[in-house]
Amino acid sequence: MATFNFELVSPERVLFSGDVDAVVLPATEGDMTVLAGHSPVMTTLKTGFLVITSNPGNGRRILVRGGFADVNQNGLTVLAERALPAEELTQEILDHEILQAEMAYDATNDPAAKHAAESAVAQLREAKAALNF
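Throughout the sequence shown, residue numbering follows numbering that gives the first Met the number 0, covering 0 to 132 in sequence.
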């Protein structure tokens, strides 16, 4: 299987940089899988798990909270607003992320911002359930 270059960057750090077989993105319009040779595209990301496959049968999950993904001839770059590797997640961290999203919901009267915060809360609760917290 052909590989491609992938970089995952958050404001705090570079979480991944290297060659991968595939990356599943939690795109705003629905999950999408990027493979080598993917058509150029730019998409926004919602809250959810990004899955990196660098060798068959081995996926690394990272919880992202918003951002952008850019697929071009050089590979895939993800600029995440927040990114937390699954192995670093705890129930307390997820509860804090849910609380922040709920506070964002309460702090705005903008319908689009309320909808985004409401979606983030639901997706974070799904992530919590997926990790059995």
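In this text, a Cβ means the ideal position worked out from N, Cα and C, and glycines have one as well.
6 angstroms CB neighbourhood of residue i in its chain, flanking five on each side removed
i: Thr42; result: Ala26 and Ala68
Residue i vs residue j beta-carbon contact at 8 angstroms
i: Arg124; j: Ile97; result: yes
i: Val19; j: Ile61; result: no
i: Val70; j: Val40; result: yes
i: Ser9; j: Arg81; result: yes
i: Leu75; j: Phe5; result: yes
i: Gly66; j: Leu44; result: yes
i: Leu49; j: Ala85; result: no
Buried or exposed by the 16-neighbour rule on C-beta atoms within 10 Å, applied to residue i
i: Gln122; result: buried
i: Thr107; result: exposed
i: Thr89; result: exposed
i: Arg64; result: buried
i: Val13; result: exposed
i: Gly56; result: exposed
i: Thr32; result: exposed
i: Ala111; result: exposed
i: Ala128; result: exposed
Neighbourhood of residue i by C-beta distance below 8 angstroms, restricted to the same chain and skipping five residues each side
i: Glu101; result: Ala116 and Val120
i: Lys113; result: Tyr104 and Thr107
i: Asn73; result: Asn4
i: Asp30; result: Val23, Leu24 and Gly47
7 angstroms CB neighbourhood of residue i in its chain, flanking five on each side removed
i: Ala35; result: Ala1, Thr2 and Phe3
Which parts of the segment 61-113 are runs of the alpha helix (DSSP H), unbroken and 4 residues or longer, counting only runs that do not cross its ends?
90-105
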